[in-house]
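Have a look at the structure below, then the notes.
Numbering (this note's numbering), first residue to last: 1 to 132.
Okay, here's the thing in structure tokens:
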């Protein structure tokens, strides 16, 4: 009988030990699993947030660079056209002043020259013939 009691107590102690061990193992396992899952989810969210931050920063930077290049090209074309127009206007006025001054007899005034110019040598008539 003492042996039976000893076996029963040993079995009961072993069962209690394994129950506590299993409970501790499962608690540790599920806690570790939950914490790992929570950590990986947080890391995933952090990684996604970092990716989107970098992506949007690069996207906006590319947009600003493209816009800056377009604006620079636009201003370059506009200023080039303005300088060409100013050059053509200066050349046209120089030719007009020279032609009108030389067509006036004894007068260096372009206004008098314009009034006194003959129709065959008039710059205005020449321009009209050129543009029509």
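Beta carbons are placed, not taken as given, at the ideal position from N, Cα and C, and that holds for glycine.
Quick caveat, the model's predicted, so the values are computed rather than measured.
Residue 20 and residue 51 have their C-alpha atoms spaced approximately 45 angstroms apart.
In this structure, the alpha-carbon of residue 63 lies about 54 angstroms from that of residue 26. Residue 100 counts as buried, since at least 16 other C-beta atoms from the protein chains shown sit within 10 angstroms of its C-beta.
A straight line joining the alpha-carbon of residue 82 with that of residue 61 spans about 31 angstroms.
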